[in-house]
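Heads up, the thing below is written out as structure tokens.
Residue numbers (our numbering), protein chains in the order written: chain V, 8 to 366; chain Y, 8 to 366.
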């Protein structure tokens, strides 16, 4: 069955209604729906409404608090630690990013580490909140452990993404949003559905041997850090994932390393919990805290045009600038609708029935 | 001929004397020598005294100013832009890092972007200055373009390294220092000397085809971003290198992308110079601007021990924590001496003769 196309507004209203049904305030439901559906818009289907049921299940087992009292528990002029009170990361993250932006307005930059949160959707959605303020936005999060560090069999880190968004002038903004693994889990899921082999360097089996079986994770295997193996720089991907963990959880007091609570509600929380919930980290840097904004933007335009005009390798039409693919998908989907696969559509219908709302 | 072993102090004094001979003040010569020889100590031989002749040549062609007036040209409570006045990056970087540390003392964090500088040695040396202050240190720099972004034939970025250093308690600090390429240029140079093939994903030829020829760079080829190719995540390595360029040069007003001046003095500066010199970026985050330092350090110890105790893949003895290999080399070399190869030893002898000092 071909994917059905849904207008953004319909998915947004539906998602908002579901979040209201579990008790979220109007404002929180709107924020959460905007965070979530932004992933579908930008083509990151694995992180969009496909996960709505997952969030609801976390609420059902009382691991998500629908009415959190999100608050700053420690701060200095340029920093804060936010306690998410077990709220949806989709709501906690924009709150924390706003704190970072407000601090940047005051003292040039703002840096916020978050404890006691849950999965926040895609990092880009939060980092990009800085763009309207002529700031560079940074967002990262830890996640439950699927990734084996270089030389390790044990899964010690999540896919721990990093996003940096920087404004340009006439050109669209630079938005780099990357999992610190060779391939994001969502890409592996696509291969699983097709039963296609995974490329070298994506995964290893339960004994730490390289594998091309896309189902390896279910058999005790692990995702590999960006680089794949030592010879190809996996120690760098591992280090980047570790940095995300330190900024997100060690600075905030959240859980870290293999002790981060998993997203699927049926997977038990690790018995050892050195911190609270999962951790995020946000930054905002005011451009004019460094140099005049128009000078920066002119140079960003020049930078971007330089990359766009670079000569391409055989068989490729153009060199992309980080953010190009997602923006192009977004333009297309806002015009034509968001394609939703059969499985996800059925999932959403079930949610609609359970909560007695229309879909 | 086997490598000769030199005590740290001898290399330090010699390097300091050379820098004094070109006109550096006693203080600058000491700082520069400490920055440079720290690379040899930590086993990053490509960035240590092997480059001393290179720095001197830059001074000879008037691209390095031995008596720079390094100064802050713009600032807010948490940010600054530093003008390096064409000084040695080895001196400019510690100055800028100190500015970041002092701002962190005042408002929690400090962030400094630097223009008009030169090659700064290894990033770790500067980031680690934060550790003594119970701060996380961050250092990055752009560099002349050797790296082709995903799908590009043109070399648009340098190897643009990122370093993050975080203090622990009983455990030694976490220090991740990584070029955003699959392999640092220094590793390729080792293969060139042995005439050994380079692994897949390290380099491409002048037409953008994958290559294993370690001499490819001299023939118009390029280093590849961490990941190697699109299927293995090279767009992520490319994005990371781009982020370093934006923070280091677009925020400061230094040159960026393919317009960064090259390190070898015989390579002409690109005719287009949109900024000044090369750019760096430094950050310092006070731990207790987020949470009590002892809590953080206890959790860092727990984190590090968790990784050390992870089960290893077949054939490997242990899982390393970022910073382990360099620290172990440093302990060994401070005790046994620093091995200097024949070519570099001859180079240093020539410098000694030229400046009429003992070596």
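Each residue gets a CB set at the ideal place from its N, CA and C atoms; glycine is no exception.
Computed from a prediction, not measured in an experiment: that's the story for all the values here.
Taking a Cβ-Cβ cut-off of 9 Å, the neighbours of residue 318(Y) in chain V comprise 159, 160, 161, 215, given in sequence order.
A residue is called buried once 16 or more other Cβ atoms fall within 10 Å of its Cβ, and residue 9(V), having fewer, is exposed.
Your pair residue 289(Y) and residue 133(Y) checks out as a contact, with CB atoms roughly 7 Å apart and the cut at 8 Å. For residue 112(V), the enclosing alpha helix (DSSP H) stretches over residues 96-114. Identification of residues in the region 257-281 of chain V having a C-beta nearer than 9 Å to some C-beta of chain Y yields 257, 258, 259, 260, 263, 264, 265, 266, 281, given in sequence order. In the three-state scheme derived from DSSP, where H, G and I count as helix and E and B as strand, residue 360(Y) is classed as helix.
Around the beta carbon of residue 216(Y), fewer than 16 other beta carbons lie within 10 angstroms, which makes this residue exposed. Scanning its chain for C-beta atoms nearer than 7 Å, with the 5 sequence neighbours on each side dropped, one finds around residue 228(V) the residues 210, 211, 212, 213, 218, in chain order.
Not a single CB atom of chain V sits nearer than 8 Å to the CB of residue 104(Y). For the pair residue 115(V) and residue 292(V), the Cα-to-Cα distance works out to about 6 Å. The beta-carbon of residue 85(V) is placed less than 8 Å from the nearest beta-carbon of chain Y.
Against chain V, a Cβ distance below 8 Å from residue 253(Y) picks out 143, 171, 173, 181, 307, 310. Straight-line spacing of the CA atoms in residue 75(Y) and residue 348(Y) works out to 32 Å. Under the 8 Å criterion on CB atoms, residue 37(V) is classed as non-interfacial with respect to chain Y. The beta carbons of residue 158(V) and residue 323(Y) sit about 4 Å from each other, so the pair counts as a contact at 8 Å.
Interface annotation, residue 323(Y): in contact with chain V, CB-CB separation under 8 Å.
For the region 202-259 of chain V, the full-length alpha helix (DSSP H) segments reaching 4 residues or more read 241-252 along the chain. Taking the CA atoms as reference points, residue 67(V) sits about 22 Å from residue 41(V).
For residue 346(Y), the enclosing beta strand (DSSP E) covers residues 345-347. Using a CB distance below 7 Å, the part of the region 287-301 of chain V facing chain Y consists of 292, 296, 297, 298, ordered along the chain. Along the region 111-138 of chain Y, going in chain order, the ones with a CB nearer than 7 Å to a CB of chain V are 114, 115, 116, 118, 120. Proximity of chain V to residue 243(Y) at the Cβ level (cut-off 7 Å) is accounted for by 185, 233, in chain order. Rounded to the nearest angstrom, the gap between the Cα atoms of residue 144(Y) and residue 90(Y) is 20 Å.
Listed in chain order, the beta strand (DSSP E) elements of length 3 or more contained wholly in the region 122-169 of chain V are 142-148. Within chain V, the residues whose beta carbon sits less than 8 Å from that of residue 329(Y) are 242, 245, 246, 249, listed in sequence order. Taking the Cα of residue 92(Y) as reference, the smallest distance to any Cα among 108(Y), 64(Y), 121(Y) is reached at 121(Y). For residue 184(V), the uninterrupted beta strand (DSSP E) run begins and ends at 181-185, by DSSP.
Between residue 129(V) and residue 247(V), the gap from beta carbon to beta carbon reaches 8 Å or more. In this structure, 142(Y) is the residue among 285(Y), 208(Y), 142(Y) with its C-alpha nearest to the C-alpha of residue 298(Y). Residue 59(V) sits in a helix when the DSSP states are folded into three classes.
Secondary structure at residue 325(V): coil, using DSSP grouped into helix, strand and coil.
Per DSSP, the unbroken beta strand (DSSP E) holding residue 90(Y) starts and ends at 86-90. Counting along the chain, residue 312(V) sits inside the alpha helix (DSSP H) bounded by residues 300-315.
Apart from the 5 residues on each side of it in sequence, residue 282(V) sits with its Cβ closer than 7 Å to the Cβ of 122, 256, 260, 261, 262, 263 in its chain, given in chain order. For residue 12(V), the enclosing beta strand (DSSP E) has its first and last residue at 11-13. Chain-ordered, the chain Y residues with CB closer than 9 Å to the CB of residue 190(V) read 238, 239, 240.
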